[in-house]
Amino acid sequence: MQGVTAVRTSVLPPYAAHLRVYEPLAALPEPDRLRWQARLAAHGPDAASADEPVARAALEAQREALAGLLPRPPRARPDVEGDRAFLRVVDSVTYVCPWATRLRNWQALEELRDSLPVALLDTVLPRRAREEALAAQERWRSAHPDARPWILTSRWEVPVRWFLPFGAEDRRYRPAGGPGDGARAEEPAALFYLTSMAQARRRVARSYRVLRERVRDAALTGGAEEVGRWLEEFHPRSLVELDYGGLVHVIGERALAADHSAGELADGLAALREGDAEAAAEAYETVTERWRQVQALRSAN
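When you read off a place in the sequence shown, starting at 1, and then add 2, the result is the number in the numbering used here.
Following this line, the structure appears as structure tokens:
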């Protein structure tokens with residue numbers, strides 16, 4: 003893929019993208035609100051504007067996760083839910099995206115169980131450890147029946163449905179910091195989209211309608227419905243963010259600068275709405291082919 007760089011390091015970075023919801027701090031129940039207010043006062047926000055990525059805080063989260071990867075004996079971690087969140091300030095309003103690490107790890111374990119052969123799964127995480135994790139999850143779920151993650155994660159790709167909440171105007175691209183960039187000298191490139199919950203829901207609803215009416219593809223329509231249902235779980239004045247995360251390390255800056263997937267998909271849906279199936283198919287193929295080439299690097303030597 004032109005412009006894509008395969009990065010070889012002694013420790014592979016997590017090549018994952020994230021779809022996040024940030025809820026208004028003022029809308030949270032008091033115990034949570036006070037906890038996040040205290041963290042904000044002690045550490046400040048992870049991003050102080052809509053144009054600033056949370057890359058530094060995300061890297062810290064990844065390092066914390068890597069530090070706990072090799073317990074002996076192996077077990078599902080963490081044992082208790084962490085007390086961390088991404089804090090973003092936009093137009094003087096503070097928004098909170100809790101990491102909910104334990105909940106997300108349980109979900110990742112379910113995905114792992116469905117994707118690996120049993121013999122390999124037993125090597126990664128023994129059956130007894132999986133059973134203990136499942137029992138802990140069931141106990142926690144019974145006490146928190148309405149729990150949902152604020153963060154969705156996808157490895158080696160951004161699912162096409164994740165672009166539906168965003169338009170071209172929501173795109174934020176920041177090149178990697180160079181020697182003359184002062185405090186940013188060590189920061190990697192960042193590409194993310196940020197929009198309001200109202201806009202996100204509106205775009206997903208419109209996408210769902212046009213896909214249902216004009217495309218006979220249950221996967222596409224179902225994907226739009228899935229994203230829409232997830233967004234409905236959160237406060238209506240929330241923010242929605244799609245962060246390319248660790249994928250920036252494998253895609254490379256040249257390809258990142260040329261990546262306008264959300265805008266291209268929006269153009270395709272607009273063409274579909276107007277009855278121009280050829281233009282819609284061309285836009286969809288552009289986006290999907292871009293991500294097929296990124297995924298192909300997963301098996302590259």
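Backbone N, C-alpha and C fix where the C-beta goes; we use that ideal spot for every residue, glycine too.
Asked                                                                                                                                                                                : Found
Please determine, among 232, 250, 257 and 294, the residue with the shortest C-alpha to C-alpha distance to residue 57.                                                              : 250
What's the gap between the Cα of residue 200 and the Cα of residue 169?                                                                                                              : 13 Å
Quick check on residue 237: does DSSP put it in helix, strand or coil?                                                                                                               : coil
For the beta strand (DSSP E) that contains residue 192, what are its first and last residues?                                                                                        : 192 to 198
Go to residue 25, then tell me how far its beta strand (DSSP E) extends in each direction, as first and last residue.                                                                : 18 to 26
Starting from residue 246, follow its DSSP beta bridges and name the residues at the other end.                                                                                      : Paired residues: none, contrary to the question.
Does the region 15 to 23 touch the region 148 to 157, meaning 3 or more C-beta pairs lie closer than 8 Å?                                                                            : yes
Going by DSSP, which residues form a beta bridge with residue 154?                                                                                                                   : 21
Should residue 49 be labelled buried (16 or more other beta-carbon atoms within 10 Å of its own) or exposed?                                                                         : buried
Label residue 90 either buried or exposed according to how many other C-beta atoms from any shown protein chain fall within 10 Å of its C-beta, with 16 as the threshold for buried. : buried
Look up residue 40 in the DSSP assignment and say whether it is helix, strand or coil.                                                                                               : helix
Return the bridge partner residues of residue 174 from the DSSP annotation.                                                                                                          : 194
What did DSSP end up calling residue 30 once you bin it into helix, strand or coil?                                                                                                  : coil
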